[in-house]
Amino acid sequence: MRNQYDEDGNLIASGSFINNVPVGIHREYLREKSQVKVDEYDNSGQVISTGVTTDKGNKEEFWQFFYSGGQVRLEGNYKNDKRSGVWKFYYPDGELEQTGSYRNGLEDGLWTWYYRGGQIRREENYLMGREDGLSVEYDRNGEEIARGDFIDGLEEGEWFLKVGEQIEKGVYRAGLRQGTWRHYYIDGTLKFEGDYVQGIPNGRHRYYHENGKIKEEQYYRVGSREKSWWVFDTEGNVVISYVYSNDKLIRVDGIKVNLEVD
């Protein structure tokens, strides 16, 4: 540890070195402001973070944090040792990755994520650290792949989702799927239709081939597989059938299944 003092013997700076390379936390004491300028280094002497604290160690004002190569990783202000106001996060090459505001250390207001190149990837609203309000996600072409609302961190109301090569539409209640959900092929043809109760499949669920003919028919009673299930080919002919009772398979193509276990 190396310490530096002024003419009156007051400590003005301190920090550790290995082979004259700064490591760990280095402090410069700004007595006129009752503040400490802090620079933190890794074992190779690369700065990790820099900013200001109170004389009691609480972070204040503007801080920056760095990647191992020296590029800024994130930056923003602290107030009473908590993130406050607008913060920015960066990719290693310096492009903006996301930005948003904090209040008392919690995400608050609109947050925006970016693809490399600057296109918007996602926009979400926050209240006291939880998603609250409209959330929209985009693909690299700027087309929406998700849209819906949050309340207190949980999905609520009507949602649109593009998952792989299908589009899903339905309602969430307190973060769980509720009521009828429908999935579509990219061309808009119905792919699936089924009901949910508090996120659990319930009632008849139907899947469809791209030509519109039924592909599978299933039945649930609050998540338990029940009754007859069918699988159809693209012409509508039955390929195989199953019968379930209390979530157990009891028949395949009308033949009883041996449920005994050796």
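Going by this note's numbering, the sequence shown opens with residue 4, and the numbers climb by one from there.
Every residue gets a Cβ at the ideal spot worked out from N, C-alpha and C, and that includes glycine.
All values derive from a computational prediction rather than experimental measurement.
If only uninterrupted beta strand (DSSP E) runs of at least 3 residues are considered, those enclosed by the segment 40-100 are 50-57, 62-69, 75-82, 85-93. In terms of Cβ geometry, G160 and G151 form a close pair [threshold 8 angstroms]. Boundaries for N13: no beta strand (DSSP E) harbours it, and the DSSP string shows neither H nor E there. In the three-state DSSP reduction, E238 falls in the coil class, being neither helix nor strand. Taking the CA atoms as reference points, T183 sits about 10 angstroms from N205.
Looking at the backbone, the Cα of W114 and that of R86 are separated by about 14 angstroms.
In the structure shown, the three-state DSSP call for E220 is strand.
Taking C-beta separations shorter than 6 angstroms and ignoring five residues to either side along the sequence, the partners of V89 in its chain run S104, following chain order.
When the alpha-carbon of I189 is set against those of R106, E127, Y199, L164, the nearest one is in L164.
Per the C-alpha coordinates, the member of E219, G132, K216, E98 positioned closest to R119 is E98.
Excluding five sequence positions before and after Q201, the CB atoms of its chain that fall closer than 6 angstroms to its own CB belong to L179, given in chain order. For N6, the enclosing beta strand (DSSP E) stretches over residues 5-8.
Exposure of F65 is indicated by the presence of fewer than 16 other C-beta atoms within 10 angstroms of its C-beta. It is roughly 20 angstroms from the alpha-carbon of R125 to the alpha-carbon of V174.
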